Amino acid sequence: MLLNQFLLLSAFLFCTGIYGVLTRKHTVLVLMSIELMLAAVNVNLVAFGAFHNSVIGQVFALFVLTIAAAEVGVGLAIVLLIYRNTHSADLDDVHALKG
Amino acid sequence: MFFLDHAWLVPLIPALSFVVILLFGKRLPRGGSEVGIAAVGASFLLSCGAVAQWIDRVQNADNSHGLASAIGALGRGIGRLGAEGGEARVLPVIHQYTWFQNAGVKLTVGTQIDGLAVMMMFVVTLISLLVHVYSLEYMRGDRRYTHFYAALSLFTASMLLLVVASNTLEMLVGWELVGLCSFMLIGHWWEEKPNSDAALKAFLTTRTGDIGLLIGVVMTYFVAQSATGHGTFNILVVNGSAASSKVSHTLVMWTALALLLAIIGKSGQFPLHTWLPDAMAGPTPVSALIHAATMVVAGVYLGARLYPIFWYGLSIGTPGHGGLNAMAVIGGITVLIGAALAFVQDDIKKVLAYSTISQLGYMVMALGVGAWTAAVFHLFTHAFFKADLFLGAGSVSHSGSHHSFDMKKDMGGLKKYMPKTFWTFVIGSLALAGIFPLAGFWSKDEILVNAGHNGYQGFLVIGAIGAFMTAAYMTRCVYLTFFGEYRGSVEHELAEVHEAEVLAEGDELVEHHLAEEQDDYIPGFGAHAVADEHGHGPHESNGLITVPLYVLSFFAIFAGVINIPGIERFEKWFQPRAAFVPVSPAKFSVIVAAISLAIAIAGFGVAYLYYWRKAGPQDLSEHNGLARAGKHFLVMKYYLDVLYTDIIVASIKGPIADGVYWFNQHVIDNVLNYAGRGAVVAGRFTYQYIDQKGIDAAVNEIATVTGDSGGAVRRVQTGRLQFYALILVLAVGLFALALWIFT
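Residue numbers (this note's numbering), protein chains in the order written: chain A, 1 to 99; chain B, 100 to 842.
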């Protein structure tokens with residue numbers, strides 16, 4: 001069973017996601033990077049499920065996909081509202097939490 | 100035994116009536132009087148039942164097994180209980196309920212019904228009932244009619260509570276309530292200053308005596324404690340304890356003296372009698388009630404109730420050569436001074452008031468010389484003829500003299516206008532003077548013969564002199580009121596009418612008319628009441644007034660019968676047989692009776708000659724300096740009022756006021772000033788050092804530290820999401836590194 005390859009792929013995807021989240025300025029791109037991180041996790045789940053010959057990993061992956069869809073809906077709605085309020089989708093313009 | 104067991108109803112019914120009249124009286128069709136009369140009538144019927152059952156109990160007392168053990172249980176080892184000799188003991192009917200318990204001492208309330216109590220219940224309720232009925236007419240249209248009836252009810256209830264009380268504490272409650280009610284009723288017309296002054300005087304003077312009662316009541320507890328080991332206020336136990344050899348004679352003596360002070364205050368004995376004549380400021384029915392049944396006889400009743408205390412405390416049973424003890428001396432003095440003052444009064448009610456003082460003196464003297472039965476018997480007969488006389492005087496003022504009580508100005512010659520009042524008044528006077536065979540003769544004679552029998556010859560003489568004076572001043576009173584020419588002038592009459600109308604107008608006019616209309620509902624009296632209006636000259640009073648007079652006259656004639664020699668039911672029925680003293684009643688003496696009768700007739704004769712026939716030195720006081728001084732001394736009432744108000748009170752209140760002022764200026768003010776200054780200094784110190792430098796500094800410091808630390812930390816809060824995410828990732832990486840290193 002090829003586990004390490006899957007894990008490496010997953011780690012690569014995750015790191016790509018993190019990089020995207022930390023560096024991209026556009027809100028939609030940040031959301032997309034988060035989706036990448038979720039995909040990495042799903043790869044991990046499916047890989048371990050197959051490795052242990054168990055169906056639980058795939059079930060979990062399905063759940064994560066479902067919830068990720070819902071989360072994207074909420075996230076895009078937030079992005080839309082931010083855009084409407086600030087006329088910008090740039091994360092640097094959203095700093096209301098500044099102390 | 101229903102009536103004896105349920106004697107608590109007797110005071111309770113008038114007490115409830117008081118509450119009902121007070122709350123609803125004004126809304127009732129007759130202003131609450133119907134409630135009062137019904138309540139007192141019910142109490143009267145219950146009392147009659149109680150008298151009948153008590154007599155029955157005494158008559159059937161021979162088969163009284165187990166009574167001795169019952170007494171023993173009550174008295175817990177009291178030595179001498181009950182009268183010695185072959186007579187059966189008749190226990191009082193006692194019902195007690197625990198009032199409260201405190202520190203192992205159980206205080207009870209209850210009823211103790213014996214001969215004395217049922218006799219008093221009968222007298223109080225009968226007189227009160229008659230006074231209630233009489234007041235329907237006498238107080239008609241009064242501005243505080245409802246209030247008057249409420250107070251009458253409470254007055255009756257308080258006296259009855261005192262009568263049925265089973266312990267001295269309960270008696271104290273009744274006693275004080277009686278004092279309160281007398282205050283309310285004497286000051287019934289308080290709008291006029293003399294009336295409210297009189298009420299205050301009565302209240303404060305009797306309070307002087309009440310101090311004695313309070314002390315005495317507390318001491319009865321210790322008397323019982325030293326005799327039985329258990330302190331109690333129970334009258335029977337206290338009475339039994341007084342005889343016990345375990346009780347120190349000094350303790351009993353001081354108890355007796357304290358209680359004697361209470362009697363002096365309440366029963367108008369010398370030297371605290373001064374309130375009683377002033378109490379005439381109250382409405383006449385109240386005077387009758389006070390003098391015959393409720394207020395003043397409370398003192399004599401106390402003496403009769405706790406008689407063993409006096410008997411042993413004052414050594415009444417063993418007179419020395421002089422035959423003196425405090426009680427008899429007080430009574431004897433009062434007999435003479437009261438009678439002497441009655442001669443110089445122009446006010447018919449004041450004559451009767453001093454007469455009451457004198458007669459109460461007889462009762463106290465009789466108690467003092469060991470004549471218990473005679474004292475109580477005199478109380479019994481005196482109640483009837485004194486109520487008769489007072490109500491008669493009220494009738495005269497109501498219908499004959501236009502609300503005046505001045506015999507010399509507004510009366511005289513009323514015999515032909517008011518024959519019914521005249522005859523009942525004469526019967527009362529004859530009974531009071533002790534003319535054979537009316538009630539007063541038997542009771543007064545019994546006092547005299549017992550005084551001689553018990554070794555108090557001096558008081559026999561005093562009593563005889565008192566009888567002479569009584570006959571004489573009553574003759575003067577009857578002469579001035581009913582004989583000679585009518586002295587109430589027309590002008591005076593008109594002025595009185597005007598004044599009465601002015602009084603009647605004002606806020607109570609409606610009630611006045613209401614009362615008049617209501618009179619029509621009384622069958623037989625209505626027509627009379629119309630003729631009874633003001634301004635028609637002297638005339639006879641109507642039935643509501645004369646019927647009570649008839650009833651009282653009947654008793655004034657026949658009340659003596661129950662204790663005439665050979666029958667002596669009064670003694671058999673009403674003298675206590677349990678926890679009592681070994682009195683030895685004297686045999687009836689024809690000689691003493693004849694002498695006392697002769698003395699009374701002599702008094703009558705002398706007064707007759709002096710006032711009718713104008714014999715002897717008339718207007719002596721205007722020619723002879725000595726006589727004038729003597730009369731002035733009497734008119735000034737022995738200067739006792741001057742002594743009390745101007746000397747004692749003034750000398751006390753002046754220095755007290757000065758002392759209090761000095762104390763106020765120098766002590767209290769200084770204390771306040773220093774306290775104020777101290778407070779200012781302390782305040783400044785607190786402000787500067789504690790508040791400013793302590794609390795405020797601490798608070799400021801806390802705020803500064805918080806602000807500074809906040810300023811330091813806020814730099815981290817950039818508001819940039821990706822910066823937060825970076826920290827998050829770094830932290831997770833750090834934790835992962837740590838996990839990797841340490842595992």
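Ideal Cβ placement from N, Cα and C applies to all residues, glycine included. Keep in mind that this is a model prediction, so the values were computed, not measured.
If you look at A/L76, you'll find it in the alpha helix (DSSP H) that goes 56-86. Around B/V828, the beta-carbon contacts reaching into chain A at under 9 angstroms are I18, V21, L22. Residues of the stretch 41-55 of chain A that bring their beta carbon within less than 7 angstroms of a beta carbon in chain B are absent altogether. With the rule of 3 Cβ pairs closer than 8 angstroms, the stretch 566-573 of chain B does not count as touching the stretch 678-685 of chain B. B/T520 is classed as buried because its beta carbon has at least 16 other beta carbons within 10 Å across all chains shown.
Per DSSP, the continuous alpha helix (DSSP H) segment holding B/V428 begins and ends at 425-441. Of the other Cβ atoms in all chains shown, 16 or more fall within 10 Å of the Cβ of B/E639; this residue is therefore buried.
Under the 8 angstroms criterion on CB atoms, B/G818 is classed as interfacial with respect to chain A. In terms of Cβ geometry, B/T455 and B/V395 form a close pair [threshold 8 angstroms]. B/P518 counts as exposed, since fewer than 16 other beta carbons sit within 10 angstroms of its beta carbon. For B/S340, the CB contacts under 7 angstroms within the same chain, skipping 5 residues up- and downstream, are I177, V322, A323, A326, T327, V346 in chain order. In terms of Cα proximity to B/F302, the closest of B/L284, B/R783, B/M318 is B/L284.
At a cut-off of 8 angstroms between C-beta atoms, A/L2 does not count as an interface residue with respect to chain B. In the three-state reduction of the DSSP assignment, B/A342 falls in the coil class.
Taken through DSSP and simplified to helix, strand or coil, B/I663 comes out as coil. In this structure, B/S227 is the residue among B/A837, B/F784, B/S227 with its C-alpha nearest to the C-alpha of B/F143. Three or more Cβ pairs closer than 8 angstroms define a contact, and the stretch 685-704 of chain B meets that threshold against the stretch 571-583 of chain B. For the stretch 80-95 of chain A, the set of positions with a beta-carbon nearer than 8 angstroms to some beta-carbon of chain B reads L91, D92, V94, H95 in chain order. Close CB contacts of B/G381 within its chain, under the 7 angstroms cut and outside five residues either way in sequence, are with L284, I285, H287 (chain order).
Spanning the alpha carbons of B/I747 and B/L121 requires a straight line of approximately 39 angstroms.
Shown here, B/A264 sits in a strand according to DSSP, grouped into three states. In terms of Cβ geometry, B/L405 and B/V337 form a close pair [threshold 8 angstroms]. Think of a sphere of 9 angstroms around the beta carbon of A/L13: no beta carbon from chain B falls inside it, the nearest being about 15 angstroms out.
For A/L97, the nearest CB of chain B lies under 8 angstroms from its own CB, placing it at the interface with that chain. When C-alpha distances from B/Y709 are compared across B/R575, B/L359, B/I429, the shortest belongs to B/R575. Closer than 8 angstroms to the CB of B/A811 there is not a single CB belonging to chain A. For B/L825, the residues of chain A that pass the 7 angstroms Cβ criterion are L22, in the order they occur in the chain. About 15 angstroms separates the beta carbons of B/A482 and B/S457, which is beyond the 8 angstroms limit, so they are not a contact pair.
Between the alpha carbons of B/E236 and B/A403 lies a gap of roughly 35 angstroms. The C-alpha of B/F540 is placed about 30 angstroms away from the C-alpha of B/W274. DSSP places B/K485 in the uninterrupted alpha helix (DSSP H) bounded by 471-494. Residue environment for B/F834: exposed (fewer than 16 other C-beta atoms within 10 angstroms of its C-beta). The residues G511, G512, in chain order, have a CB closer than 6 angstroms to that of B/Y585 in the same chain once the five nearest residues on each side in sequence are set aside.
When DSSP states are grouped into helix, strand and coil, B/Q195 belongs to the strand group.
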